[in-house]
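Student: The structure's right below; bear with me while I get my questions together.
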Amino acid sequence: MAEESTGSTVCGEGKVPDKEGHCVMPEVTFSTFVMSLNTSALFHLGELPDPESGERFINLDLARHAIDTLVVLEQKTKGNLTEEEAELMRNILYDVKMRFVKTAKQ
């Protein structure tokens, strides 16, 4: 599980140390949820390698689904986000849409 390295806890993939040093999943916030959907879209666009095989795969249908989910989330939360959350959403959507278009043209 947790390993000690130079006095700090080193956690496995996707986990972070809590105040007591136990490896736990990070707190779910709006920003982490949006980042998770973005990671899914990037993975399906072949931007991120498969964590087990190291290979990159492109699946435009699944990438489009993740992007569409982000768009719905943006529409449904309009007016209910902090400025930082709204800016994160705008920036991620712009970036992932541009990457989708670039990948789809290849």
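Residue 94 in numbering that gives the first Met the number 0 sits at position 95 of the sequence shown, with consecutive numbering throughout.
Positions of the beta carbon are idealized from the N, C-alpha and C atoms, including for glycine.
1. By how many angstroms is the C-alpha of Glu-19 removed from the C-alpha of Asn-79?
2. May I ask which residues mark the beginning and end of the alpha helix (DSSP H) holding Met-88?
3. Does Val-71 come out as helix, strand or coil in the three-state DSSP assignment?
4. Taking Val-71 as the reference, give the member of Gly-13, Arg-89, Lys-101 with the closest Cα.
5. What three-state label does DSSP hand Val-33 in the structure shown?
6. Under 7 Å Cβ to Cβ from Val-23, same chain only, skipping five residues before and after it: list those, please.
7. If the criterion is Cβ atoms closer than 8 Å, does the pair Ala-62 and Leu-36 meet it?
8. Using a Cβ-Cβ cutoff of less than 6 Å, which residues in the same chain neighbour Asp-67 once the five nearest sequence positions on both sides are dropped?
Tutor: Per the coordinate set shown:
1. Here the alpha carbons of Glu-19 and Asn-79 stand approximately 33 Å from one another.
2. 82 to 104
3. For Val-71, the secondary structure class from DSSP, reduced to helix, strand or coil, is helix.
4. Sorting Gly-13, Arg-89, Lys-101 by C-alpha distance to the C-alpha of Val-71 places Arg-89 at the top.
5. It is helical.
6. Lys-14, Val-15, Asp-17
7. no
8. none
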